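Heads up, the sequence shown is in the numbering used here, so the first residue is -4 and it goes up one at a time.
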Amino acid sequence: MYLSRDEEAVYRGDRGETLRRMMEILVALGDIYGAERLVQVKSVQIAGVSYKNIGDAGLEWISDLEGEVVVPSILNPAGMDLYCWRDMGISEQFASKQQEIIEAYRRLGVTVDCTCTPYQIYDDLAQRDDHLAWSESSAVSYANSVIGARSNREGGPSALAAALIGKTALYGYHLDINRQPSHIIEVKAELASSDYGALGFLVGREVGDGVPLFRLRSTPSRDELKALGAAMAASGSVALYYVDGVTPGPPVPPGSAADHDECERIGIEKEEIEAVYGESRGADVDIVALGCPHCSREELERIADLLAGQRVQKEMWVCTARKIRDSCPELVERIESSGARIFCDTCMVVSPATEGFGRMMVNSGKALVYLPGLGGVDAAFGSLEECIDVALGRRR
Ligand code: F3S
């Protein structure tokens, strides 16, 4: 891979050991994936924050680093709400390790907003055609697909390397050639809001790491696109998708038509989407958890409206970014007065707090995939309305 004179100096260690190690990571990845050079990134989102996931080895690795990030950098959710962790049942020992991790990132100049939806709280982290180094799969999918920016799915160390160097290796989704659709998905039904998570769950399983282009009869909102991308990134490893007439379109290679003749075609019927709900309807759940990916303000509003001042009969958690929570105290009050809890900086998958529950009801195709494996909890899928009905004890 070509390195400029400056980059070579960093690679040799002329700017210190931390930057040398970080450049080594970027060059190793670039060599593996055939990158020609590095490219400047606009922002970085760093996974590898929850003590549950990275443990002492990860904490030691981060604590060892010196210097400061050179581009805006933000964190993925941690293993607990950084303030209300006791209310989640987190132990003192876990909390102290988690705070050490957060402090290690803070020392490196990383903004300590722990969220998988950085685009909901900062407008300037990603715009169309910006190169990024983001980690969390739903955030990467949203950045590539809805914003039209360019990011590979970075691991924690490579994201941190990009944050400290300000660059990433130019390969994968940074290049037009890898942003062409591989599948056309014809959805033969009008979709309700929660159906987008179910659709993503189905399509991710079908296309794996492909690039689906959807032809829909309905026009999804930004929150619905967020849910669609998150589910596909979990049941498959989709990092980029298109929705005809809604998201930015694929780049058209010079001299070729945008007819996508070579794409595989898949039709999705309403019954297939219904079956995703059907698999888990009617089973007892001990907790309802919403906010995967983290809720937007509009989603909090919808939850507050559905709760309508009634008391929940089951544990109910809502996950969001702290900045969103802080921006709407009246919504927080309306939701929490029902007995539900809003937790920030964390989520039901990366926190050990949910491991004590047997079965969790979610309205997220992504949580449906990840909870059994990563959280050790059975998951049931329902619409937002069904989830709230279950929390209120109106249905099983
Ligand atoms: Fe975000 Fe956690 Fe879901 S990181 S996408 S809320 S699994």
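Virtual Cβ for every residue (Gly too), placed ideally from N, Cα, C. For clarity, every value in this text was computed on a predicted model and none was experimentally measured.
Taking the beta carbon of residue i as the centre, do at least 16 other beta carbons fall within 10 Å, making it buried, or is it exposed?
i, result
"G84", "exposed"
"Y(-3)", "exposed"
"P324", "exposed"
"Q93", "buried"
"I96", "buried"
"G231", "buried"
"V372", "buried"
"T214", "exposed"
"A316", "buried"
"V385", "buried"
"V247", "exposed"
"E63", "exposed"
"A154", "buried"
"R148", "buried"
"A52", "exposed"
"P367", "exposed"
"G11", "exposed"
Classify residue i as helix, strand or coil using the three-state DSSP reduction.
i, result
"T163", "strand"
"I85", "coil"
"H169", "helix"
"D218", "helix"
"D373", "strand"
"A128", "strand"
"I116", "coil"
"P288", "strand"
"G304", "coil"
"Y6", "helix"
"D26", "helix"
"Y236", "coil"
"F196", "helix"
"R391", "coil"
"G351", "helix"
"T110", "coil"
"S140", "helix"
"G205", "coil"
"L366", "helix"
Is residue i near residue j, with beta carbons less than 8 angstroms apart?
i, j, result
"V313", "I282", "no"
"A156", "I268", "no"
"L127", "R32", "no"
"S333", "R354", "no"
"L208", "I172", "no"
"S133", "P288", "yes"
"G396", "Y28", "Past the boundaries of the shown model lies residue 396; the chain is included only from -4 to 391, so the question cannot be answered."
"S136", "A222", "no"
"A158", "V105", "yes"
"K183", "G262", "yes"
"A270", "K361", "no"
"L295", "L379", "no"
"L24", "I160", "no"
"I298", "I330", "yes"
"M356", "A335", "no"
"G151", "A303", "no"
"D340", "C111", "no"
"V36", "V66", "yes"
Find the nearest neighbour of residue i within the set the options, judged by alpha-carbon distance.
i, options, result
"T349", "I330, R329, V327, V280", "V280"
"G203", "F209, G304, E185, A234", "A234"
"L77", "A284, I69, A90", "A90"
"G143", "S132, A121, G161", "A121"
"S146", "E131, P152, L326", "E131"
"T163", "F196, A228, M18", "M18"
"D256", "R212, S189, S177", "S177"
"D190", "E264, A138, D340, P246", "E264"
"A30", "S140, L170, P152", "L170"
"L194", "S(-1), V22, L363", "L363"
"W80", "P245, P347, E12", "P347"
"G205", "R16, G368, Q40, R174", "R174"
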